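Numbering (the numbering used here), first residue to last: 20 to 658. Backbone N, C-alpha and C define an ideal beta-carbon position, used for all residues, glycine too. Remember, it's a predicted structure, so these values are computed and weren't measured experimentally. Have a look at the structure below, then the notes.
And the structure:
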């Protein structure tokens, strides 16, 4: 489901200390203070901080983020608690998020100025997505769901320990408090989950009761006599479908130390999992891309379908992780990317952005003149400018991600076979000796995953690609440029351009024809020609796995030859091999995919809230192809 278009909040600050929503004609908080209400109603009403004490993780879901005061109060309480959980994950839904200047104004006199400043610095581009924002070295995660609660709740995949039901008054915003909508909390509630809200509306209480909560009243805040509290105590809880079950494996082996493997290992380690990364090559850094640089950025499509939404979410997380390291000089790269548009005029591009309400700090539609000024060279047509996109050196990125606590990298350890033991997976060498064992295994080794799995039940292919590296009298490129190909300038002045793409081609040597194609790409992007310039030319050949729908393969591996479930047309209902996962099929967008793919796999294994909506999870699930086949069979007449 598409969350957009998103409309930012319109906030009236005319009454000092009491910001008001213009859309709902209601205040964000009373004069008595937002933090006091947050501590009394939401923390106190959910038994916090006591309930998270000593736990490895704890999940909060808030149905109205507003200006973030409940989040800040929870953060402050967690930070001050010596018995706090190891990791706090705070999921918050907001239909009308504040613009950055309005958020700054709202917290100008905050009682928690340091935390408010950190929130402001981390405030994302306001796109209709689930934004992954980490604080406290990753021990506190905010999953900011920018969407209408009606669209967001069915799309969340999470096990929630405490619900904060907040929002404008039921008389002003009845959709948020609808009893049938509240019934969906049952699907999200963890055993013993609690709920609290300042409202005592009948509709609310009946909705919570029908969701399986034992509902009561407690002393209200600041003149309100009562507030509502509750505990989840259902008569029956339906089991999670096979494709949504968490393994909760304390030890995971990742096969492959490339971008996919590093992304998975980084996310698992941050979740508290012990990770062993096995790489068949002696130099693990070369297992990723031997290319000196690669791009990361999103795309804009008219229908904003799964492909565009996945790439936007992936690029947002990639730039959140990579851009600070590039700016700090920790990684070679550049922030800011220009991508040419050949099928739309600039006016049509802007109309597309306006229709989807995509903000300029995410993407901009530039005229040829503006693009020329941005690129520092003549540009033939309109272009998309991604302020947070760019390029980075893949091998350096992989080394950074793998250099983390709880990750053990073992190079020159090729895995020849997998074997399911009584209590763990065994990873064996060519002689049948055990290299290691693990509770779960993630195959992040590209095409080699096919050998370990046998013929996998999904359509994908290996694409040969060649890049060209120019040195000498080369053009100056202020920022990376792209259309169907790309060109970027390395810190040492060399220019990298490419890349060709050939299916069913195992030729490992560089080809003059491919160099010519790459030089034509460079000329198309820059106007510069290699003729009459003194240059040296090197090439590199590599292969990338690409699926038929150009989305990654992420998730638990389907059970081969398993009995078809009644609802086989939905990936989540297809049976899986216990403890075996795949992260592959990144195609030419490995850097863009890697961080989000890792977070999705980590959540799938640990049971943490998913950083993407359920519909996008289905779109990357390796069982999706079997589900589509089942759906086609169900549509056949007489079947």
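Helix, strand or coil for residue i? Go by DSSP, reduced to three states.
i           : result
residue 346 : helix
residue 130 : coil
residue 202 : coil
residue 521 : strand
residue 157 : helix
residue 381 : coil
residue 26  : coil
residue 511 : coil
residue 434 : coil
residue 463 : coil
residue 642 : coil
residue 38  : coil
residue 555 : strand
residue 370 : helix
residue 455 : strand
residue 354 : strand
residue 185 : coil
residue 547 : coil
residue 536 : helix
residue 658 : Here residue 658 scores only 47 on pLDDT, less than 50, and its place in the model should not be relied on; the value that follows carries that caveat. Three-state DSSP puts residue 658 in coil, outside helix and strand.
residue 328 : helix
residue 341 : helix
residue 175 : coil
residue 170 : helix
residue 145 : coil
residue 194 : helix
Given this structure, state the Cα-to-Cα distance separating residue i from residue j, to the nearest angstrom.
i           : j           : result
residue 586 : residue 634 : 16 Å
residue 28  : residue 53  : 18 Å
residue 298 : residue 464 : 8 Å
residue 197 : residue 523 : 55 Å
residue 164 : residue 201 : 17 Å
residue 211 : residue 596 : 30 Å
residue 387 : residue 396 : 11 Å
residue 60  : residue 326 : 40 Å
residue 547 : residue 535 : 13 Å
residue 150 : residue 160 : 10 Å
residue 324 : residue 507 : 29 Å
residue 154 : residue 32  : 28 Å
residue 632 : residue 613 : 17 Å
residue 454 : residue 250 : 47 Å
residue 116 : residue 296 : 40 Å
residue 267 : residue 174 : 22 Å
residue 302 : residue 485 : 21 Å
residue 335 : residue 244 : 44 Å
residue 528 : residue 492 : 25 Å
residue 152 : residue 322 : 27 Å
Cβ atoms of residue j and residue i: under 8 Å apart, would you say?
i           : j           : result
residue 82  : residue 162 : no
residue 207 : residue 80  : yes
residue 122 : residue 145 : no
residue 312 : residue 489 : no
residue 139 : residue 95  : no
residue 402 : residue 355 : no
residue 477 : residue 565 : no
residue 417 : residue 274 : no
residue 64  : residue 195 : no
residue 553 : residue 589 : no
Nearest by alpha-carbon distance to residue i: which of the options is it?
i           : options               : result
residue 290 : 323, 156, 302 and 351 : 156
residue 276 : 179, 238, 431 and 338 : 431
residue 441 : 449, 456, 300 and 433 : 456
residue 551 : 513, 494 and 614      : 494
residue 555 : 544, 538 and 563      : 538
residue 616 : 75, 92, 281 and 451   : 281
residue 320 : 331, 69 and 590       : 331
residue 449 : 271, 471 and 462      : 471
residue 591 : 640, 628, 607 and 609 : 640
residue 451 : 438, 152, 309 and 458 : 438
residue 227 : 629, 265, 182 and 349 : 182
residue 571 : 652, 541, 578 and 466 : 466
Give a single yes or no on whether residue i has its beta carbon closer than 7 Å to a heavy atom of the ligand GTP.
i           : result
residue 318 : With respect to small molecules bound, the structure shown includes none, and the ligand GTP cannot be examined in it.
Problem set entry | Start-end ranges of the alpha helix (DSSP H) lying completely within the stretch 219-290, minimum 4 residues | Complete alpha helix (DSSP H) runs here, min 4: 221-229 and 278-289.
Scan the stretch 377-425 and note each continuous alpha helix (DSSP H) run of 4 residues or more that stays entirely inside, going in chain order. 387-394 and 413-421
Task: Length-filtered (4 minimum) alpha helix (DSSP H) runs lying within the stretch 565-625 - done: 609-625
Along the chain, which unbroken stretches of the alpha helix (DSSP H) at least 4 residues long are found entirely within the stretch 43-123? 53-56 and 88-99
- Task: Return the chain-ordered ranges of every alpha helix (DSSP H) run that is complete within the stretch 462-500 and spans a minimum of 4 residues.
- Result: For secondary structure counted as the alpha helix (DSSP H) over 4 or more consecutive residues, the stretch 462-500 holds these complete runs in sequence order: 467-472.
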